[in-house]
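Worksheet: one structure, shown below.
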Amino acid sequence: MSMDPVRPDRQKRMGPGPRVAMVLAAAGALVAGAALTLPGTASAGTTLGASAAEKGRYFGTAVAANKLSDSVYVGILNREFNSVTAENEMKWDATEPSQNSFNFSNADRIVNHAQSNGMRIRGHALAWHQQQPGWAQSLSGTALRNAMLNHITRVATYYRGKIDSWDVVNEAFADGNTGARRDSNLQRTGNDWIEAAFRAADAADPGAKLCYNDYNTDGQNAKSNAVYAMVQDFKSRGVPIDCVGFQSHFNAQSPVPSDYQANLQRFANLGVEVQITELDIEGSGTAQANNYQRVVQACLAVSRCAGITVWGIRDTDSWRASGTPLLFDGSGNKKPAYTSTLNALNAGGGTPPPTTTPPGNPPTTPPTTPPTTPPTTPPGGAGCSASVSLNSWNGGFVATVRVTAGSSGTNGWTVSLTLPGGAAVTNTWNASASGTTGAVSFRNVAYNGRLTAGQSTEFGFQGTGSATGITPTCTAS
Ligand code: G2I
């Protein structure tokens, strides 16, 4: 299969976990399809999040805000996971219960928990035919289109700088063999509603990765073919899409497809990241464990598979609890599926994690600027180096800083920089900040201080004012 030309990807913030330097992609390793062993695989992790991080990926779970007072639940969450998705709390009915009146209290509980524990956050879901507030259900036409765009703008702006990936549009295609869009009030506002949603999300939070998310698209079938065609079209026309979410709700009627990995790969080849977003597999014992193992192996085998989110922690937390589809039983004990998942994450091999420069279709107008942060080779010295890319708007910015270890690797790192007058840090992720104005520094957090030689990680911060011209310096420890 011929590969598309490499084009600069949209610069996006990236979550916790070691990342392989873009130089790997630049060196053609991905194009050659070679299976590479990542550094650090010798020290197998003992939790899902740590083991996934060793492979440059995240391991997340859906979280319900009302369970954050359950100590068993929170104990497992904090121990095992480094990414969260709000199970219901960011949906339209929850965040905009009456028109133009927003309520983020429950979503904020999840966001605050994630941020204070160094977890990345998947936003779910900005536009969906389900879980709409009653007032939106009764709208149609232009009024509904504008309400949707206002909703996306307000919610994505409120969380700007905090979300790794947004499910911008959820479940917009019909099941069955038609390959058609699902009929819904949103679809009836016009076929361009999906791209309008993505453009609104991009304007509101240019640093978030923007995903299309669906179910029954996990193997090659009429529905996934239709999504594939949409993504291909979006990429060719420059509609801002960065990722495709594969929900992966499996049971006996809807098993893990035999072409699961191949399907992930064909989407990745379009130049988007792929993410497994709502994994649960009904069953028990060895059969369930084997299915989880297959899913993990598929993600690790696809370089642009960024991570896996399971749709709940304990079987009793599941939306379909009777199918016991999760990794922990109702008492919080690890199931065989947990062990097979962890072992699969710890197994050697796999391919490098996503880079910020996946191949893509050539845009209709050729790119005129090189990536803001060109690929760097590991510095010759023993310390570390840092480079920054900025997303700026009038009055604010998001800075994404890439830290790369030198020849000795790092046990920890600190990045220092001086902000111009009038600029102030308001929010930091994947690092702990000292100072908000003038000379500021950022120290690694628990999971991203240790880097092997040449390995990279990224953190970010948001601020007010302008950060143009900042020059980060990195000190290793
Ligand atoms: O249906 C499974 C998932 C399919 N993909 C999109 C996801 O957003 C969806 O999640 C589920 C939640 O896990 C459920 O928790 O979405 C359901 C709604 O479609 C959620 O169920 C709702 C119940 O229907 C409501 O009655 C309840 O008030 O959960 C609400 C909050 O507990």
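Residues in the sequence shown are numbered from 785 upward in steps of one, following this note's numbering. Backbone N, C-alpha and C fix where the C-beta goes; we use that ideal spot for every residue, glycine too. All values derive from a computational prediction rather than experimental measurement.
Could you give the DSSP three-state label for residue i: helix, strand or coil?
i            : result
residue 1119 : coil
residue 1141 : Bear in mind that the predicted position of residue 1141 carries a pLDDT of just 41, short of 50, making it too unreliable to give a figure here.
residue 834  : helix
residue 968  : coil
residue 996  : strand
residue 1092 : strand
residue 1200 : strand
residue 884  : coil
residue 1260 : strand
residue 935  : helix
residue 1102 : coil
residue 1004 : coil
residue 1049 : helix
residue 1059 : strand
residue 1163 : Bear in mind that a pLDDT of 46 at residue 1163, under 50, signals an unreliable position, so the model cannot answer this.
residue 844  : strand
residue 825  : Model confidence at residue 825 stands at a pLDDT of 39, short of 50, so the residue's coordinates are unreliable and nothing is read from them.
residue 1033 : strand
residue 872  : coil
residue 1112 : strand
residue 1245 : strand
residue 1136 : coil
residue 1186 : strand
residue 895  : helix
residue 927  : helix
residue 1026 : coil
residue 1266 : The structure shown has nothing for residue 1266, since the chain only spans 785 to 1261.
residue 918  : helix
residue 1151 : Here the model assigns residue 1151 a pLDDT of 35, short of 50, so the residue's position is not dependable and the matter cannot be decided.
residue 855  : helix
residue 879  : helix
If residue i sits next to residue j, beta carbons under 8 angstroms apart, how far is it from one beta carbon to the other, in whole angstroms?
i            : j            : result
residue 1124 : residue 1074 : 7 angstroms
residue 1003 : residue 1047 : 5 angstroms
residue 981  : residue 910  : 7 angstroms
residue 913  : residue 968  : 4 angstroms
residue 1203 : residue 1222 : 6 angstroms
residue 862  : residue 934  : 36 angstroms between Cβ atoms; not a contact.
residue 977  : residue 917  : Contact flag wrong, Cβ pair sits at about 18 angstroms.
residue 1110 : residue 832  : Between residue 832 and residue 1110 the Cβ distance is about 12 angstroms, and since that is not below 8 angstroms, they are no contact.
residue 1170 : residue 1186 : 7 angstroms
residue 932  : residue 907  : The pair is not a contact, with the Cβ atoms about 15 angstroms apart (cut-off 8 angstroms).
Expressed to the nearest angstrom, what Euclidean distance is found between the alpha-carbon atoms of residue i and residue j?
i            : j            : result
residue 1168 : residue 1244 : 17 angstroms
residue 924  : residue 1098 : 39 angstroms
residue 1255 : residue 891  : 34 angstroms
residue 1012 : residue 1051 : 7 angstroms
residue 1055 : residue 1019 : 8 angstroms
residue 915  : residue 954  : 11 angstroms
residue 947  : residue 795  : 14 angstroms
residue 964  : residue 957  : 6 angstroms
residue 936  : residue 899  : 22 angstroms
residue 865  : residue 921  : 35 angstroms
residue 1258 : residue 993  : 26 angstroms
residue 989  : residue 1070 : 43 angstroms
residue 1136 : residue 1194 : 20 angstroms
residue 879  : residue 1105 : 26 angstroms
residue 984  : residue 1130 : 39 angstroms
residue 749  : residue 852  : Residue 749 lies beyond the residue range present for the chain, which begins at 785 and ends at 1261; the question has no answer from this structure.
residue 991  : residue 1025 : 12 angstroms
residue 1267 : residue 1232 : In the structure displayed, the chain extends from 785 to 1261; residue 1267 sits before or after that span and is not available.
residue 1029 : residue 1021 : 20 angstroms
residue 1088 : residue 996  : 15 angstroms
residue 902  : residue 961  : 42 angstroms
residue 1183 : residue 1227 : 15 angstroms
residue 1077 : residue 1039 : 13 angstroms
residue 904  : residue 870  : 11 angstroms
residue 1082 : residue 882  : 42 angstroms
Quick one, are the C-beta atoms of residue i and residue j less than 9 angstroms apart?
i            : j            : result
residue 1107 : residue 1057 : no
residue 846  : residue 1094 : yes
residue 1190 : residue 867  : no
residue 1174 : residue 841  : no
residue 1049 : residue 1015 : no
residue 1229 : residue 1216 : yes
residue 1263 : residue 1248 : Because residue 1263 is not part of the residues shown, which for the chain are 785 to 1261, the question remains open.
residue 1237 : residue 1196 : no
residue 1044 : residue 1079 : yes
residue 998  : residue 1031 : yes
residue 797  : residue 1242 : yes
residue 1192 : residue 1166 : yes
residue 1220 : residue 1246 : no
residue 1062 : residue 1023 : no
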